[in-house]
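Protein chains in written order, with our numbering: chain S, 1 to 321; chain V, 1001 to 1460.
Just so you know, even glycine gets a beta-carbon here, dropped at the ideal spot from N, CA and C.
Source: prediction; values computed, not measured.
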Amino acid sequence: MNDALPPGLAPLDSIEQVDQGLSAAGYIANRQISTAIYMAHHLQKPILVEGPAGVGKTELAKSVASWMKLPLIRMQCYEGLDESKALYEWKYGKQLLYTQILKDKIGSVIGDSDNLSTSLTKLHAFGDIFFSKQFLEPRPLLRALEEPAGAVLLIDEIDKSDQEFEAFLLEILSDFQVTIPEIGTVGAIVPPIVLLTSNSTRDLGDALKRRCLHLHIGFPDEKLEARIIASRVPGIDERLLRQLVSFVQQLRALDLKKVPSVSETIDWAKVLVLLHTSVLSVDLVRDTLNVLLKFEADIEAAGKQIAGLTHKARADAGVPA
Amino acid sequence: MSATTASASEPLRRFLQVARGAGLRVSAAEGIDAARAVQLIGFADRTILKDSLGLILAKTPEEKAAYDEAFELYFKRDDLGAADEAEAPAGGANNQVVAGEGQGDGQGQGLGRLLEQDDRAALATEMEKAARESCIENIRFFTQKNLYARRILDKMGLRQVERDMEALRQSGTPEGLGRAQFLEGRLDQLRDSVRDFVERNLILFARGETEKFREELLKSARLSNLERRDLDRMRVLVRQMAKKLAARFAKTRRRRLRGQLDIRRTMRRNMGWGGIPFITVWKQKRIEKPRVMVLCDVSGSVAPMSQFLLMFLYALNEALSDIRAFAFAGSLIEVSDILESQPVEQAITKIMETIGFGSSNFGNSFADFEEGWMKDVTNKTTIIILGDARGNRTDPRTDIVARMSERSKRIIWLNPEYKSAWGTGDSDMYRYAPFCNMVTVCNTLRHLERAIADILEDAA
């Protein structure tokens, strides 16, 4: 059956393959994530990815695209986003320019017709040229449908858009088609893999949720996080890796305004590698804590406990005191 | 494509029911998706099954937790059943055939023998089977426990065993009596385990249902009849409802009127191009959040209602641009400050202490309002009056309400009394009604939600 699929989609036979494919693209997924991608492909349903900021929601879409060698089409949502920016727009300027240019030619089109009705008939013969595909500016959603080999469509931060826009997405999400009044219904050539991400700043509608698979990505556990860092920061010392992961995991247990997420751990790991660190020390952690924590109050709160946390992290990694 | 039309297999169907029982809202469409997923991956690998169904069925963190629990409960049970069933046919195949044909008799003998042999595994299988036949998944309330236990026992052939025991006792031989006694003991054990089994199923199938049922009940219960212990739950419900409404109406919205060109602004925008309209500007309609003044009767009979109205409105504050609250009984005071500085529950107690529980005098209170605050009423203000319109035969001062009606955008009167009581005794409802844009009965949470949704809707 794989022969029927475009080449990019071939390696989706089992959940393990998804796992391997994603990790080849540099994304270490847990089983839920791979299962979600697998199901999304086979059931042809979009995935709604929720979770705290920085756990790799957007990254997942990028990795799926690079693994499957499909174009990634990204649409960032914001308040006031409407269909002219998401779906299509008429190239109004172009239409206007063309009419201006053609104004002089109107005589040759109408020719020698002497009354209004015949000249109108002649004009009609040209059809709706000004409302054809040439004058259509496809926006992300339409582009995703028109990709000949399929695409990965990332609708980022859907919770930032208005409720009306959410309702507008329903047609695309359930049938992979959109309706353009002047042209008709445009269906997907190959149904794209759709990922929607949300930080839950507002509750999404039930209708939208019902059409999606719902994937919640939380903070990874120690083992997974270590694998993620190892893949993202190649060449990191094994021992340092264990220390910093243990430290971050402990940090997450504290009562902070914004706990560090995976992207911050990666940044921190890069910083530590740059500094040629092999063993965490209290001073070093204090100096680089602003990479992990983004609020003054958090840095202050965690600052008091650095010594204890560092000690524990070193013990976890088996570093002699 | 067979994948889409495939009916949910039996275990899946029952699991969906369990999931609904646990409070997940599983629609038919999701059921179909679940069936397709199961077809894709099969039942073999439980962890993958759990992940896949979880993706489809659970849509919030709370639902995820409920789902995990339901899944464990259900499939753990199912595993036992399946294992038993797999073993049973080897020894019990004949037995089951006989049971199928001979109805009670055959089953009765089967049960008697199983009891005597103390074959736990086979008994458990029988119990599962009987439970399935008596549709245990429809159990909803704890009061049905005995009913279902009885049904299951009957299906397992209890009658016959009892008859056999009676016969054994009648026989009078010591051996017979001994056997009867033995059976009696085993039967008691069986009864216990059946009751246990039913209880577990009740938890499995009905937990969410019972909660939902209670909530439904509370939503349509008269607020004045509520018991104290329900108040906490009511507060949660009020907040939920308010949140829902607020999400719907929270933004000051501009609605673009399609196809109506705003010529003035288009010209302005395109001046740079010599007036050739490259960029079009369309007319917009601005939708404003309502300003609300709410006058609450806090005299004895209406007080509980007022409490909930205030709670509701203050939970809604993101959908309202400005809200001012007044409380009255014999006279009227503004309570916005109290409500803003304290959590609603405490504020309400304080208000009640200050002014509540007197006998109401509507005329007097309206006069107070006119004197102190009428000047703040604008043509954008919605005035909500909550009261039973029973002024104890004092002057209703409808003239003031008439003036309020002229100045304000509209007046909405919420009356906790049923319509049949309006205008009876000292009720002045029909005297006020002509000056109100809307008069409506409002004595349950449902009514309240509807009335407030109307207010917000109208503003849109």
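{"Query": "Give me, in chain order, the residues of the same chain whose beta-carbon lies closer than 7 Å to that of H1447 of chain V; leave out the 5 immediate sequence neighbours on both sides.", "Result": "V1441"}
{"Query": "Are the region 132-142 of chain S and the region 76-94 of chain S touching by the rule of at least three beta carbon pairs closer than 8 Å?", "Result": "yes"}
{"Query": "Counting only C-beta atoms, is L102 of chain S closer than 8 Å to chain V at any point?", "Result": "no"}
{"Query": "Can you name the residues of chain S whose CB is closer than 8 Å to the CB of S1052 of chain V?", "Result": "T35 and M39"}
{"Query": "Cutting at 6 Å between CB atoms, please list the residues of its own chain near A1180 of chain V, excluding the five before and the five after it.", "Result": "M1165, L1168 and R1169"}
{"Query": "Quick one: give me the first and last residue of the beta strand (DSSP E) that I73 of chain S is part of.", "Result": "L72 to Q76"}
{"Query": "Whole angstroms are fine: how far does the CA of L1183 of chain V sit from the CA of E1116 of chain V?", "Result": "7 Å"}
{"Query": "By Cβ distance, which residues of its chain are closer than 8 Å to I1136 of chain V, with the 5 residues on each side in sequence left out?", "Result": "Y1148, I1152, V1198, N1201 and F1205"}
{"Query": "For L81 of chain S, decide whether its Cβ has a neighbour in chain V, counting only Cβ atoms nearer than 8 Å.", "Result": "no"}
{"Query": "Within the present structure, is the beta-carbon of G1275 of chain V separated from the nearest heavy atom of the ligand NAD by less than 7 Å?", "Result": "You won't find the ligand NAD in this model; it holds no ligand whatsoever."}
{"Query": "Going along the chain, which unbroken runs of the alpha helix (DSSP H) with 4 or more residues stay wholly within the region 209-294 of chain S?", "Result": "222-232, 238-253, 262-274 and 282-292"}
{"Query": "Examine the Cβ distances between the region 173-192 of chain S and the region 29-38 of chain S and report whether three or more of them are shorter than 8 Å.", "Result": "no"}
{"Query": "Can you find the residues in the same chain that come closer than 8 Å, C-beta to C-beta, to Y1430 of chain V, ignoring five residues on each side of it along the sequence?", "Result": "W1422 and G1423"}
{"Query": "Determine, for I172 of chain S, whether the minimum Cβ-Cβ distance to residues of chain V falls below 8 Å.", "Result": "no"}
{"Query": "Look up V961 of chain V in the DSSP assignment and give the residues it is bridged to.", "Result": "Since the first residue shown for chain V is 1001 and the last is 1460, residue 961 of chain V is missing from the structure and cannot be characterised."}
{"Query": "Flag E1010 of chain V as yes if its beta-carbon sits less than 8 Å from any beta-carbon of chain S, otherwise no.", "Result": "no"}
{"Query": "Please state if the CB of K94 of chain S and the CB of V109 of chain S are separated by a distance shorter than 8 Å.", "Result": "no"}
{"Query": "Going by DSSP, which residues form a beta bridge with M1293 of chain V?", "Result": "V:R1324 and V:I1383"}
{"Query": "Mapping the DSSP letters down to three states, classify E89 of chain S as helix, strand or coil.", "Result": "strand"}
{"Query": "Taking a cut of 9 Å between CB atoms, which residues from the region 12-25 of chain S lie near chain V?", "Result": "I15"}
{"Query": "With DSSP as the reference, label D1376 of chain V as helix, strand or coil.", "Result": "helix"}
{"Query": "Considering only the alpha carbon of each residue, which of V:G1023, V:R1020 and V:L1040 lies closest to I15 of chain S?", "Result": "V:L1040"}
{"Query": "Around the Cβ of G1391 of chain V, are there at least 16 other Cβ atoms within 10 angstroms (buried) or fewer (exposed)?", "Result": "buried"}
{"Query": "Would you give the residue range spanned by the beta strand (DSSP E) that S198 of chain S belongs to?", "Result": "I193 to S198"}
{"Query": "Tell me which same chain residues have a C-beta within less than 6 Å of the C-beta of V1281 of chain V, skipping the five on either side of it?", "Result": "D1262, R1265, T1266 and R1269"}
{"Query": "Measure from the C-beta of L1445 of chain V to each C-beta in chain S and report whether the shortest distance is under 8 Å.", "Result": "no"}
{"Query": "Taking the alpha carbon of P191 of chain S as the point to measure from, which residue in S:P46, S:P220 and S:T201 has its own alpha carbon closest?", "Result": "S:P46"}
{"Query": "Chain V partners of Y78 of chain S, CB-CB under 7 Å?", "Result": "Here the premise fails: no neighbours, minimum Cβ distance about 14 Å."}
{"Query": "Within a Cβ cutoff of 7 Å, which residues of the same chain sit near L97 of chain S, ignoring the five residues on either side of it in sequence?", "Result": "none"}
{"Query": "Within a Cβ cutoff of 8 Å, which residues of the same chain sit near F163 of chain S, ignoring the five residues on either side of it in sequence?", "Result": "Sequence check: residue 163 of chain S is Gln here, not Phe. So the qualifying residues of the chain are G205."}
{"Query": "Based on Cα-Cα distance, which residue from S:S231, S:P220 and S:L272 lies nearest to Q243 of chain S?", "Result": "S:L272"}
{"Query": "Hey, does R1265 of chain V have any beta-carbon neighbour from chain S nearer than 8 Å?", "Result": "no"}
{"Query": "Hey, does R1386 of chain V have any beta-carbon neighbour from chain S nearer than 8 Å?", "Result": "Here the sequence assigns Leu to residue 1386 of chain V, which means Arg is not the residue at that position. It does not: the Cβ of L1386 of chain V has no partner Cβ on chain S nearer than 8 Å."}
{"Query": "What is the DSSP secondary structure of V1018 of chain V, reduced to helix, strand or coil?", "Result": "helix"}
{"Query": "Does any CB atom of chain C fall closer than 8 Å to the CB of I1032 of chain V?", "Result": "The chain inventory of the structure shown lacks chain C, comprising the protein chains S and V."}
{"Query": "Using 8 Å as the threshold, is the region 165-174 of chain S in touch with the region 126-133 of chain S, meaning 3 or more CB pairs across them?", "Result": "no"}
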